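Visitor: The structure is given below, and queries will be raised subsequently.
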Amino acid sequence: MRTLEPQESIPLAEELDRIVESTARTLLGPLDNGWNEVQEAQLRWPCTLSGAGMGRIGHAARVGRLSCLLQCLPSAREHLTKIFPEAEQSQILEAVPLDGAEGELHRLREEGIELSLQGKLAHGSEPRLNLRVPFQACRGVLGLLTRTLAEAERSAYLARGVAAGATEQQRRDTARLHSCEAGASHWVEAIPSRVGLRLNDAEFATGMRHRLGLPQLVQNGAKCQLKAEYREPTGDDLRSSNVCGQFLDPFMDHALCCQKGGGFYRVHGSLCRALANIGREAGCEVTSEEIVPELLSGEPGSDEAVEARLDLHVWAHPPFPAEWFVDVTHHHAWAVRQRSGQLRPGKTAEEAEARKYERYGPGRGGVSVTPAAVESWGRLGPEFEKLLRQLNARWGNLKQADASACAATSRRWKAELGVAQVRAMHVTCMRAARGVTTTPHGHDAANSEDR
Ligand SMILES: [Zn+2]
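Using numbering that gives the first Met the number 0, the first residue of the sequence shown is number 0, and each one after it goes up by one.
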């Protein structure tokens, strides 16, 4: 593919892109009329850019010949100079046909993407790459340019959602793309090599539909089947309340926020357990649900006294002592309260962590609480990211690991958090739609049109 002229390779690659896309559509269920252009493009962006990480072959074909030439051209010219010592330098420089690659450089320039002489993205007045003059071989250009093209595509969609007159759907797409970025997104590309990284097909499909903003398989007009279970103060019998009964939207925005059935606690608990495992792997002791006397509010022993129970206590003994009281919190980035106002990346998680800080205050009674917020599409709050970096540094120290091993472990931890989140959300969605789902292959297309 890299050695074909762009006019030959690009149509071929675009055909492959369409095949990849239609395979994904088939695997995710018969939702052909539910895919919009953002979702189609998103499928192929890297997972850290809110995508599903499948790679855009069309992008690679566009810049493939160019990046290949950037690696080979200097040595080819050097070789030509050696074997034709009598040739003029200008003749050597002209000996290789460059039209296809130059055409692509020109197209990229029109899209605002220019390469410097070192094969990096050029900024300001840096000298621009010119294939007709001698230059050093540049590596890694294929990855750099395909990522830049995906980024450009993504920013165009993001901009559309914040423009005046954006539709509700475009605003939801923008909030979703922001929230899918980085964080626990690595679950998308994780190899199920250990228990904490395993998703069954149904869980993966629910997670992927949620991520791509596709409707879940729920009947049109179905009502939320979540219900609360509780014990009467006098008896041991487990009783159930009435089912919630609110209309279920196809994206399950309601189910993810429903007050009944404890869906919120399920995701929360699942994330806490994943984080506890991470803490232990980093060489720390971890206890869950510990009551922290320093954070008790009100007069001890009085009716107003409220005990504070924190999700996780993570600590380590000398010679490298450390201690965190962690309060994990999970929020849907398209909950009703998040829909109005300015859409900005990480807004939901940042605000959730700030509310926790407000609640506990800075280091009350000598105890400082680390809030760890997760958005429903996997983005982590800044304090959670910081906690993971600190734990990762401890892990690196413990294992005498180098930077690349630390980075790989950090990605795996985030994938494990994502897997924990997706599994719990899958259960909530299934319970909300119990008895009112459509099967992946018995779906009535006419019904889904008026959703
Ligand atoms: Zn409900």
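Quick reminder that beta carbons are idealized off the backbone N, C-alpha and C, glycines included.
These figures come from a predicted structure and were not determined experimentally.
1. Confirm, please, whether the CB-CB distance from Leu-114 to Ala-121 is below 7 Å.
2. What is the residue span of the beta strand (DSSP E) that Pro-191 lies within?
3. With hydrogens ignored, establish whether the beta-carbon of Cys-428 is closer than 6 Å to any heavy atom of ligand 1.
4. Just checking, does the segment 338 to 353 make contact with the segment 372 to 388 on the three C-beta pairs under 8 Å criterion?
5. Between which two residues does the alpha helix (DSSP H) containing Arg-106 stretch?
6. Kindly list the residues whose CB is nearer than 6 Å to the CB of Glu-284, restricted to its own chain and excluding five residues on each side of it in sequence; keep chain order.
7. Does DSSP put Asp-248 in a helix, a strand or coil?
8. Does Arg-208 come within less than 7 Å of chain B when only Cβ atoms are used?
9. Specify the secondary structure class of Glu-452 as computed by DSSP and reduced to three states.
10. Can you tell me which of the three DSSP states Thr-437 falls into?
11. Work out the CA separation of Ser-178 and His-267 for me, nearest whole Å.
12. On the criterion of 16 or more Cβ atoms from any shown chain inside 10 Å, does Tyr-359 qualify as buried, or is it exposed?
13. Buried or exposed: Val-418, going by 16 or more other Cβ atoms within 10 Å of its Cβ?
14. Among Met-424, Val-421, Val-426 and Glu-415, which one has its Cα closest to the Cα of Leu-196?
15. Between which two residues does the beta strand (DSSP E) holding Thr-286 run?
16. Can you find a heavy atom of ligand 1 that lies under 6 Å from the Cβ of Cys-67?
17. Go ahead and pull the three-state DSSP assignment for Thr-2.
18. Please report the straight-line C-alpha distance between Thr-25 and Asn-35, rounded to a whole angstrom.
19. Measuring alpha carbon to alpha carbon, tell me which of His-58, His-105, Thr-205 and Leu-342 ends up nearest Ser-172.
20. Exposed or buried, what is Gly-278 when buried is set at 16 or more other beta-carbons lying within 10 Å of its beta-carbon?
21. For Leu-116, which residues of its own chain have a beta-carbon under 7 Å away from its beta-carbon, when the five flanking residues on both sides are left out?
22. Can you tell me which of Gln-245, His-105, His-78 and Arg-106 puts its alpha carbon nearest to the alpha carbon of Val-95?
23. Please confirm whether Gly-297 and Val-291 have their CB atoms less than 7 Å apart.
24. For a quick check, are the C-beta atoms of Asp-310 and Cys-271 less than 7 Å apart?
25. Is Gly-262 buried or exposed, if buried means 16 or more other CB atoms sit within 10 Å of its CB?
26. Starting from Val-327 and walking both ways along the beta strand (DSSP E), at which residues does that stretch end?
27. Per the DSSP calculation, Thr-369 is bridged to which residue(s)?
28. The beta strand (DSSP E) spanning Trp-314 covers which residue range?
29. With C-beta atoms as the reference, is Val-455 less than 7 Å away from Thr-369?
30. Taking only the alpha-carbon atoms, compute the straight-line gap between Gln-70 and Thr-2 and give it to the nearest angstrom.
Guide: Taking the coordinates as given:
1. yes
2. From DSSP, Pro-191 is part of no beta strand (DSSP E); its letter is neither H nor E.
3. no
4. yes
5. 98 to 109
6. Trp-314
7. coil
8. In the displayed structure, chain B is absent; only one protein chain is listed.
9. In the structure as shown, the chain starts at 0 and stops at 450, and residue 452 therefore has no counterpart that could be examined.
10. coil
11. 17 Å
12. buried
13. buried
14. Glu-415
15. 284 to 290
16. no
17. coil
18. 15 Å
19. According to the sequence as given, residue 172 is Asp; it is not Ser. It is Leu-342 whose Cα lies nearest to the Cα of Asp-172.
20. buried
21. Pro-126, Leu-128 and Phe-134
22. His-78
23. no
24. yes
25. buried
26. 321 to 330
27. Val-325
28. 308 to 315
29. There is simply no residue 455 to check, as the chain begins at 0 and stops at 450 in what is shown.
30. 12 Å
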